[in-house]
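*Asks:* In terms of our numbering, the sequence shown is numbered consecutively and its last residue is 301. Backbone N, C-alpha and C define an ideal beta-carbon position, used for all residues, glycine too. Note that the structure is predicted; figures quoted are calculated from it, not measured. Supplied in structure tokens, the structure appears directly below.
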Amino acid sequence: MTTNYIEPVFISSPSIEGIEVYETISTFQSYSLKTENREYHEIKFDDIIAKQKTIILGEPGCGKSELINQIEQTSSKMGLVCKRFFLPDLIAQNAKSEQSGLLNQDYQNQIICFDALDEVDANLFFSAVDFLSSFSLKHSDTRIFISCRTYYIKNNLSLIHNYLYNFDYLLVGLFDEKRIDNFLSNSLKDSEIRKVLSQKLKTDQGIILKSIFKIPRYLTIICAVINENQLDAGTIIEWKRSDFFEKAIYHNLSLEIKEKKRNIIPNEVELSKKNIRKDCVSNGDKSDKQNHY
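Written as structure tokens, this is what we have:
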């Protein structure tokens, strides 16, 4: 594991129901009471890499793919072979031969990671789950990790239970205040900027800022924009809530769309921005009511 990796809360459960119990209890109880339930338990990164069959769950941007990055890097340092596959490409109609090849290869004592089950074409979702089931049964001694957004699993419970019944579940939690502070300390070069952001999180607008900062992907974007543009504390202190959207998240979103050269309608970027704003505001209100973050 890289030294600058901020380890989020990892919740392990043998069933999706256990993850749901955790999510329900965490809504009403303090963190110190969360791990007392037998349906789930908190684990550390070092325990994750030793797991056998695991579905990695989490909200968009929580760090599912980053966790796989860490598994890859740590596996290499441990002398283990780790291979990673992007499921949307692997399950595409023209990838049948590659799927067949994977099923017939020997992966004993290796780690295989399948990323982004939720990004597979909806018409091919069953094919993806069927392939993963076949791969798991064929390679019973291979450690397998599958990443997927939580609600995709919940919306396809019957399919998942029937085909991936031998998998445990691992929830990647969002950052709390302590982890946000650690991330800012590790990522921002200017100590004055870190102090300004810390102060902003304690103001009235702190609730909505936390709804952004607790998502590792967005926090990474904000820090990158600040560092790459060599912004100073005087600039950041003037930023309002909208500036964190416009100057950081929206800016990065636009770059990603250009880089991927997508064929999009003219208003897609604006629609995406509105959806991000809606999600963040909703999360902020929810966090305030739950007093969780």
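Quick check on the DSSP output: what are the complete beta strand (DSSP E) runs of length 3 or more inside the region 122 to 183, in order along the chain?
*Replies:* The qualifying runs are 151 to 157, 176 to 180.
*Asks:* Could you have a look at residue 71 and say whether DSSP puts it in helix, strand or coil?
*Replies:* Residue state, collapsed to three classes: coil.
*Asks:* For chain B, check one thing: does any of its Cβ atoms lie closer than 8 angstroms to the Cβ of residue 210?
*Replies:* The structure shown contains no chain B, having only a single protein chain.
*Asks:* Are residue 121 and residue 90 touching if we call contact CB-CB under 8 angstroms?
*Replies:* In this structure, residue 90 lies closer than 8 angstroms to residue 121 by Cβ.
*Asks:* Run the CB neighbour count on residue 41, radius 10 Å, all protein chains shown included, and call it buried at 16 or more, exposed below.
*Replies:* Since pLDDT at residue 41 reaches only 46, below the 50 mark, its modelled position is unreliable, and the value read off the structure follows with that caveat. By the 10 Å Cβ count, residue 41 comes out exposed.
*Asks:* To the nearest angstrom, how far is it from the Cα of residue 227 to the Cα of residue 218?
*Replies:* One C-alpha to the other measures close to 10 angstroms.
*Asks:* Looking at C-alpha atoms only, which residue of 185, 12, 24, 110 is the closest neighbour of residue 156?
*Replies:* Considering only alpha carbons, the answer is 24.
*Asks:* Short of 6 angstroms in beta carbon distance, which residues of its chain neighbour residue 17, apart from the five on each side in sequence? Order them along the chain.
*Replies:* Once the five neighbours on either side are set aside, the close Cβ partners of residue 17 are 181.
*Asks:* Would you call residue 146 buried or exposed, if buried means 16 or more other Cβ atoms sit within 10 Å of its Cβ?
*Replies:* Looking at its Cβ environment, which holds fewer than 16 other Cβ atoms inside 10 Å, residue 146 is exposed.
*Asks:* Taking the straight line between their C-alpha atoms, what separation do you get for residue 165 and residue 238?
*Replies:* For residue 165 and residue 238, the distance between alpha carbons rounds to 47 angstroms.
*Asks:* Roughly how far, in whole angstroms, is the beta-carbon of residue 6 from the beta-carbon of residue 123, given that I think they are within contact range, below 8 angstroms?
*Replies:* Residue 6 is absent from the structure shown; the chain starts at 9 and stops at 301.
*Asks:* Expressed to the nearest angstrom, what Euclidean distance is found between the alpha-carbon atoms of residue 27 and residue 242?
*Replies:* When rounded, the distance between both Cα atoms is 43 angstroms.
*Asks:* Given a cut-off of 8 angstroms, decide if residue 62 and residue 153 are closer than it, judged by their beta-carbon atoms.
*Replies:* Contact flag set, yes.
*Asks:* Name the two residues that bound the continuous beta strand (DSSP E) containing residue 50.
*Replies:* 49 to 51 is the extent of the beta strand (DSSP E) around residue 50.
*Asks:* Please classify residue 211: does DSSP put it in a helix, a strand, or coil?
*Replies:* It is coil, neither helix nor strand.
*Asks:* For residue 270 and residue 47, what's the separation of their Cα atoms in angstroms?
*Replies:* Its pLDDT being 48, under 50, residue 270 is placed unreliably by the model, and nothing is read from it.
*Asks:* Classify residue 95 as helix, strand or coil using the three-state DSSP reduction.
*Replies:* If DSSP states are grouped into helix, strand and coil, residue 95 belongs with the helices.
*Asks:* Any idea if residue 39 is buried or exposed, counting beta-carbon neighbours within 10 angstroms, 16 or more meaning buried?
*Replies:* In this prediction, residue 39 has a pLDDT of 47, which is less than 50 and means its spatial position is unreliable; what the coordinates show is noted afterwards. Exposed: under 16 other Cβ atoms inside 10 Å.
*Asks:* Using a 10 Å radius around the Cβ and a threshold of 16 neighbouring Cβ atoms, would you call residue 136 buried or exposed?
*Replies:* Under this definition residue 136 is a buried residue.
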